Amino acid sequence: LYVVILHYYQYIEYYLKETGGSKLNEYLTIFCMHGYLAVDVFFILSAFVITLSSKKYFDQSFELKNYKMFMQKRWIRIYPAYLIIAIYGYVVVENFHRTPNFIISLTLLNLLFGLSHILGHLWSLGAEWITYLLYPIFYKFSMLTESKYWKYLLIILGLIVLYIVGVIWNKRIFSEYMLEVFQGYPALFRCFGDYLIGMGAYLIYRENKFTNLTNLLSSIAIALLIISALFIPKADLVVVVGCTLLILNICNDKSILAKLLASRVIYFLGLISYPLYLINSLVFLQFDRIHVVLMDSFNIYNIYVLGIVFTALCVGLATLFTFYIESPIISFLNSVAKRPSLFRSSNSGK
């Protein structure tokens with residue numbers, strides 16, 4: 571949902587400037603523009619959850635069949651919905667132009683070839699897919715030593731990678747939006763850095779070293795840290811650290827933040843989060859055709875009305891996509907994956 575806010579704000583940024591650039595809008599700008607950090611939170615959380623759920627495949631030794639099973643599950647989870655949106659982008663948005671970009675987009679390897687995805691926001695799926703391909707290496711690296719300091723060093727290493735990526739991308743030691751990196755190898759290393767942080771967080775969770783982070787005072791401090799940093803320029807890494815602490819905090823069901831985030835509304839938004847991420851930019855592109863009707867007599871009221879309409883459309887379409895397209899396809903592919911292949915059946919008959 572935060573990415574939706576970012577994309578909407580980028581759409582009406584010009585109109586917000588027309589209001590006079592008040593102090594409120596300056597802070598609002600920083601908050602909205604930090605929406606790209608939702609991608610970093612997703613990468614960190616993804617690394618945490620995947621390491622928790624997939625360690626059985628790589629704990630003992632690397633076996634090709636386990637790697638295939640791991641990649642099959644990840645492919646079923648992300649590729650069908652991605653493919654639908656990529657085809658839509660090529661046919662409807664690009665009108666069959668940028669064919670090389672589209673063809674490479676089908677492989678999810680655009681970042682390796684320096685070609686942008688057919689739709690810009692799909693870069694994060696490419697970065698994560700490449701990270702999946704390399705996941706056994708990341709896993710073995712995260713389990714390199716039993717040292718009690720290693721988990722913290724992983725997080726520090728991840729932060730260093732993110733900092734270097736931001737400096738190289740922006741050509742500045744500190745920039746206002748350091749981690750707004752979405753093209754080429756820098757974007758890929760942004761994902762790598764986040765994964766190191768997520769794996770370090772998992773090791774802290776595994777060793778139950780986070781109990782002091784779940785009391786009421788810690789919960790309030792973490793929430794205030796994240797919220798305040800989102801309104802401050804050049805605070806990207808602070809947000810990343812705060813969200814890592816948040817993940818560890820909500821691992822304890824008794825945490826006040828865990829209870830707040832366990833609401834049905836949050837669960838529902840989590841359920842549709844992937845389609846919401848895929849679809850919201852498409853809604854934004856269509857708004858170019860209707861904004862004249864809503865913005866002819868410009869005022870701040872129209873901005874908020876349009877924002878409500880934009881968000882409602884995104885959530886509504888993502889809901890329909892989740893329950894009537896994505897879920898049935900995933901269920902079908904999972905059922906197919908569980909069936910014995912013809913080759914294996916014939917061998918078992920012998």
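Residues 571 to 920 in the numbering used here are what the sequence shown lists, from first letter to last. Cβ coordinates follow ideal geometry from the N, Cα and C atoms, glycine included. Since the structure is predicted, the reported quantities are computational estimates derived from the model, not experimental observations.
Exposure of P910, with buried meaning 16 or more beta-carbon neighbours within 10 Å: Residue burial is scored here from C-beta neighbours: P910 has fewer than 16 other C-beta atoms within 10 angstroms and is therefore classed as exposed.
Buried versus exposed, by CB contacts within 10 Å (16 or more), H667: The residue is exposed, with fewer than 16 neighbouring Cβ atoms inside 10 Å.
Residue span of the alpha helix (DSSP H) that contains I734, given as start and end: From DSSP, the alpha helix (DSSP H) with I734 extends over 720-740.
Neighbourhood of Y660 by C-beta, 7 angstroms cutoff - its chain only, sequence neighbours within 5 removed: Contacts found: F666, F672, I688.
Where the alpha helix (DSSP H) through V810 begins and ends: For V810, the uninterrupted alpha helix (DSSP H) run begins and ends at 806-820, by DSSP.
Cα-Cα separation between K638 and G812, rounded to whole angstroms: Answer to the nearest angstrom: the Cα atoms are 34 angstroms apart.
Segments assigned beta strand (DSSP E), at least 3 residues, entirely inside the segment 616-680: Fully enclosed beta strand (DSSP E) runs of 3 or longer: not present.
Contact check, C761 vs E716, beta carbons under 9 angstroms: In this structure, C761 lies away from E716, with their beta-carbon atoms at least 9 angstroms apart.
Contact belief for V573 with Y847 at Cβ below 8 angstroms, rounded distance in angstroms: Confirmed, Cβ separation roughly 6 angstroms.
Residues near S745 by beta carbon distance below 8 angstroms, same chain, minus five either side: Excluding sequence positions up to five before and after S745, its CB lies within less than 8 angstroms of the CB of G736, K804, all in the same chain and listed in chain order.
Minimum C-alpha distance to A608 - residue among N819, I895, I575: Closest option to A608, Cα to Cα, is I575.
Bounding residues of the alpha helix (DSSP H) (the contiguous stretch that carries P803): Where P803 is concerned, there is no enclosing alpha helix (DSSP H), given that its DSSP letter is neither H nor E.
Boundaries of the alpha helix (DSSP H) in which F902 is found, first to last residue: Its alpha helix (DSSP H) spans residues 897-908.
Segment limits, alpha helix (DSSP H) that includes L831: Start and end: 826-831.
G605, buried or exposed, once every other Cβ within 10 Å from all chains shown has been counted against 16: With at least 16 other beta carbons inside 10 angstroms of its own, G605 counts as buried.
Cα-Cα separation, F893 to S624: About 26 angstroms.
Extent of the continuous alpha helix (DSSP H) run through E698: Counting along the chain, the alpha helix (DSSP H) containing E698 begins and ends at 693-703.
Beta-carbon proximity list for L889, same chain, < 7 angstroms, skipping 5 on both sides: Here residue 889 is Thr; the residue named in the question, Leu, does not match the sequence. Around T889: I842.
Same chain, Cβ closer than 7 angstroms to Q642, neighbours up to 5 away in sequence not counted: Cβ within range, chain order: A907.
CB of Y597 within 9 angstroms of CB of F801, strictly: Contact flag set, yes.
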